[in-house]
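Only one structure is covered here, and it is reproduced in the block below.
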Amino acid sequence: MDQTKRPLLIPPEFSTYAEEHGIFDMYKRLMEQLIVSKPSDPLAFLVEQLKKENDDVPQVIILGPPASGKKSISKLCANKLRTAHLTTENLIQESETDIKMKVMDLIKKKETVPTEIWVQILTERLKLMDCVKKGYVLEGFPQTREQALALQSVGIHPKHCVILDAPDTVLIERAQGRRVDPKTGDIYHTTFDWPPNAEIQTRLEETPGYTEEDMVNKLIEYHRHIDEIEECYRKVIKKVNADQPKADVFSQVYSYLCGQPRSNAPHTPRIVLLGPTGSGKGVQAALLANKYNIVNVSSGSLVKQSIADETKAGQAAKAYIEKSMMGVFGNEQVVKLPDNIILDIMRERLAQLDCVSRGWVLHGYPRTREQAEALAKDGFVPNRIFFLDVPNDSVIERLTLRATDPITGERYHMLYNPPRTQEIKERLQKHPKDSEDAVRRRLAEYSAYVEELADYYTEGQHVNADQDPHTVFECIESMIVNPLPKRFST
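One rule links them: number in the working numbering = place in the sequence shown (from 1) + 232.
This is how it looks when you write it as structure tokens:
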């Protein structure tokens with residue numbers, strides 16, 4: 233590219249491609265696997281990893297004291313995520329015959345199964361295609377710090393670790409009503425989760441090992457190790473209160489599993505703010521641009537600037553306006569430029585070096601699905617989209633009650649910032665675009681296209697903008713700095 237002939241324009245597809253395909257995270261992941269596996273032929277190993285690469289699967293560990301609901305929640309999560317549900321019981325049953333017999337013999341003698349055997353069993357199980365292709369939910373393991381560190385040493389580390397927590401007194405009381413279906417292995421409770429099916433009710437049995445004395449001993453053992461296990465998984469751990477209805481526990485756990493950890497990949501914000509007139513798009517864009525040093529791109533200001541700078545697109549817009557090709561609503565004049573002219577202006581600005589390197593926040597555009605598609609076709613794909621939702625009544629209250637002092641230029645609002653004297657109040661002037669009819673027309677225009685924009689921007693986040701601007705900003709900011717929730721296929 234010849235920098236002497238024109239400003240340097242970096243194709244926007246470069247950064248978009250890298251973000252969409254997770255290039256940075258892929259390199260990081262491959263390096264981690266290389267260090268853990270230490271293959272004799274690193275290049276051949278990396279090629280094999282890329283061929284079978286499917287790291288975008290759930291890898292979950294669910295821990296908790298006895299009677300905390302680990303089995304029920306793990307089963308619900310595995311069904312929802314369509315992953316393998318691994319327990320210490322089925323790991324033993326599905327292991328090789330000689331290992332299985334050895335472990336069963338140790339359990340029968342009430343001896344501790346060596347950590348290296350558990351690691352061997354789990355390592356072999358995770359190599360099977362269901363775990364490789366769909367992921368896994370591992371229930372109730374590891375049970376000690378030694379086991380957790382041993383798993384990490386062979387490269388087994390979960391993306392999410394959930395600990396179900398409840399007071400010991402609650403757990404001991406809950407254990408008294410615990411029942412198990414010997415046919416399916418499902419867990420029920422005489423008070424909180426009794427099956428509606430009469431046939432299941434008749435075959436339920438008490439769970440052995442859940443007397444009060446057994447529970448006390450198990451809880452002592454659990455509390456002896458859990459703090460050290462937490463330390464091993466501190467970066468991926470989430471504690472959930474298990475002393476609540478099962479549906480609520482599952483909802484909180486699943487919400488956490490949908491979350492993604494912050495990536496160390498370079499991130500260039502490309503933000504679009506959508507919302508009705510008076511929703512505060514300009515205010516939020518200014519706050520974001522100021523804090524994160526990104527470019528504030530206002531479509532209206534950009535059109536005016538292009539005309540003033542006499543750019544090619546600006547001259548086309550000026551000629552269009554001078555020919556009086558505009559819509560007129562009462563005293564309000566709304567220039568409706570063709571999409572191709574506005575897109576040319578947007579393309580020229582967003583492709584400049586500051587936007588590509590620092591990122592941008594765009595507001596006032598796109599207004600229709602066609603404009604959004606055209607923007608994406610040119611390679612300008614936003615990675616954060618926010619819909620600022622405000623009721624029409626609030627918008628009308630915000631806009632129709634504001635006025636300007638023509639002498640000082642100071643702006644007032646009759647409710648939130650009224651004039652200090654009657655003299656000032658009498659000389660205030662209201663802009664024609666703030667008349668109620670004009671505001672309602674702009675609201676109607678937005679309402680006509682917002683649904684199709686929402687359908688197109690499926691990753692868009694809705695924000696309640698009918699509150700203090702700084703509260704809205706904090707909400708938007710939290711969704712910019714944190715990855716968006718993952719959508720698992722169902």
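A virtual CB, placed ideally from N, CA and C, is assigned to each residue, including glycine. Here the structure is a predicted model, which is why all the values come from computation and not from measurement.
Contact between the segment 615–624 and the segment 640–654 is absent, with fewer than three C-beta pairs closer than 8 Å.
For V671, the enclosing alpha helix (DSSP H) starts and ends at 668–688.
By the Cβ neighbour-count rule, P290 is buried, with 16 or more other Cβ atoms within 10 Å of its own. When only Cα atoms are considered, L282 and F256 end up about 14 Å apart.
DSSP lists R643, Q661 as the beta-bridge partner residues of T636. Counted as a single uninterrupted DSSP element, the stretch harbouring S530 is not any alpha helix (DSSP H) but the beta strand (DSSP E) occupying residues 527–530. A Cβ-Cβ contact shorter than 8 Å links N473 with D397.
In this structure T690 is exposed. Its beta-carbon is surrounded by fewer than 16 other beta-carbon atoms within 10 angstroms.
Non-local C-beta neighbours of T422 in its own chain, meaning closer than 6 Å and more than five positions away in sequence, comprise G409, ordered along the chain. Rounded to the nearest whole angstrom, the C-alpha separation of I395 and L262 is 29 Å.
DSSP places H253 in the coil class of the three-state scheme, outside both helix and strand.
Positions of the alpha helix (DSSP H) runs, each at least 4 residues long and wholly inside the segment 422–484, are given as 430–435, 444–464 in order along the chain. Take the alpha-carbon of Q325 and the one of E684: they are about 52 Å apart.
Per the coordinates, the alpha-carbon of K657 lies some 6 Å from the alpha-carbon of P651. In this chain, the alpha helix (DSSP H) harbouring F277 covers 274–283.
The residue among D400, V412, N429 with its C-alpha nearest the C-alpha of H455 is D400.
When the five nearest sequence neighbours on each side are left out, the beta carbons in the same chain lying within less than 8 Å of the beta carbon of V386 are those of V268, V351, T355, in order along the chain. In the three-state DSSP reduction, F246 falls in the helix class (H, G or I). As for any alpha helix (DSSP H) of minimum length 4 sitting wholly inside the segment 303–389, the runs are 320–325, 329–340, 347–358, 361–366, 377–385, ordered along the chain. I339 counts as exposed, since fewer than 16 other beta carbons sit within 10 angstroms of its beta carbon.
If you check the CB distance, I708 and V695 come in under 8 Å.
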